[in-house]
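Presented below is the structure to which this report refers.
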Amino acid sequence: KAGVTQTPRYLIKTRGQQVTLSCSPISGHRSVSWYQQTPGQGLQFLFEYFSETQRNKGNFPGRFSGRQFSNSRSEMNVSTLELGDSALYLCASSRGLAGDEQYFGPGTRLTVT
Amino acid sequence: AQSVTQPDIHITVSEGASLELRCNYSYGATPYLFWYVQSPGQGLQLLLKYFSGDTLVQGIKGFEAEFKRSQSSFNLRKPSVHWSDAAEYFCAVGARGSGGSNYKLTFGKGTLLTVNP
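Line by line, the protein sequences are chains C and A.
Per the working numbering, the first sequence starts with residue 63, numbered consecutively.
Per the working numbering, the second sequence starts with residue 215, numbered consecutively.
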């Protein structure tokens with residue numbers, strides 16, 4: 063079974079631009095969660111999508127948004143990029159039931175200059 | 215709301231020595247508990263998981279963890295560390311948030327393990 067894939071793996075953007083990251087979950091998984099990982103803040107939960115609906119949301123500004131498609135693939139978008147958005151963005155998929163283990167992709171390394 | 219504390223930011227052990235990584239959680243009931251490992255430049259890999267039953271859980275790569283309800287702890291152990299175990303380790307709690315909000319995972323800040331030859 064193929065694992066979680068994320069594209070692109072690396073991205074360099076300029077302040078003020080916007081960016082879209084993509085995540086393809088494990089086949090059969092209906093839940094996709096997104097996390098931001100930085101050295102200072104660690105792993106922070108952004109949001110979770112289940113069956114095309116946002117089911118849970120972390121404490122991030124509205125510049126961070128996401129969506130999920132009918133095939134469970136998910137995208138997250140960050141608008142008006144700031145230097146502090148530089149991070150590793152991780153996507154995780156699961157069946158979506160409470161307690162299910164999440165399987166992580168390799169992440170997208172975003173650098174904002 | 216749930217929270218997770220990993221008291222040790224960085225631990226160094228010699229190859230072949232035993233290892234224990236500490237994790238304490240805060241939650242009103244017994245949550246789902248997980249340990250993940252992250253190698254440099256990689257995503258997180260699940261080592262093991264606990265919810266109920268035997269409080270000693272076996273995982274992959276020779277790791278085990280023990281749930282102690284009285285101490286709200288879920289410490290990760292390995293009897294003999296290999297150089298390939300050098301990585302960052304994350305403890306996570308899965309639970310519903312305050313006010314009945316949806317289930318989510320909350321991660322600790324991680325413990326970086328260095329293995330000396």
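A virtual CB, placed ideally from N, CA and C, is assigned to each residue, including glycine.
Computed from a prediction, not measured in an experiment: that's the story for all the values here.
Query: Helix, strand or coil for Ser155 (chain C) per DSSP?; Result: strand
Query: Could you compute how far the alpha carbon of Glu110 (chain C) sits from the alpha carbon of Ala231 (chain A)?; Result: 39 Å
Query: Interface residues of chain A around Phe107 (chain C) at Cβ under 9 Å?; Result: Lys318, Leu319, Thr320, Phe321
Query: Beta strand (DSSP E) containing Ile74 (chain C): first to last residue?; Result: 72–75
Query: Looking at the secondary structure, which residues open and close the beta strand (DSSP E) in which Tyr239 (chain A) lies?; Result: 238–240
Query: Assign Gly324 (chain A) to one of three DSSP states: helix, strand, or coil.; Result: coil
Query: Which residues does DSSP pair with Leu247 (chain A) in a beta bridge?; Result: A:Tyr264, A:Val307
Query: Comparing alpha-carbon positions, which option in A:Phe248, A:Gln252, A:Ala300 lies nearest Pro266 (chain A)?; Result: Strictly speaking, residue 266 (chain A) in this sequence is Ser, with Pro absent from that position. With distances taken between Cα atoms, Ser266 (chain A) lies closest to A:Phe248.
Query: Under a Cβ-count criterion, where at least 16 other Cβ atoms within 10 Å of its own Cβ denotes burial, should Gln285 (chain A) be classed as buried or exposed?; Result: exposed
Query: Quick one: what does DSSP say Leu145 (chain C) is sitting in, helix, strand or coil?; Result: helix
Query: Would you decide whether Pro245 (chain A) is buried or exposed? Buried here means 16 or more other CB atoms lie within 10 Å of its CB.; Result: buried
Query: Going along the chain, which residues of its own chain have a beta-carbon closer than 6 Å to the beta-carbon of Ser141 (chain C), five neighbours each way excluded?; Result: Gln80, Arg125
Query: What three-state label does DSSP hand Pro232 (chain A) in the structure shown?; Result: Reading the sequence as shown, one finds Ser at residue 232 (chain A) and not Pro. The answer is coil: DSSP assigns Ser232 (chain A) none of H, G, I, E or B.
Query: Pull up the distance between the alpha-carbon of Asn139 (chain C) and that of Glu229 (chain A), whole angstroms please.; Result: 43 Å
Query: What's the C-alpha gap between Phe107 (chain C) and Ala306 (chain A)?; Result: 12 Å
Query: Compute the Euclidean distance between the alpha carbons of Thr115 (chain C) and Ala154 (chain C), then round it to the nearest angstrom.; Result: 16 Å
Query: Closer than 7 Å by beta-carbon distance: list the chain A residues that pair up with Pro70 (chain C), in chain order.; Result: The contacting residues do not exist; Pro70 (chain C) stays about 14 Å from chain A at best.
Query: Anything in the segment 100–130 of chain C with a Cβ closer than 7 Å to a Cβ of chain A? List those residues in chain order, please.; Result: Gly104, Leu105, Phe107, Glu110, Arg117, Asn118
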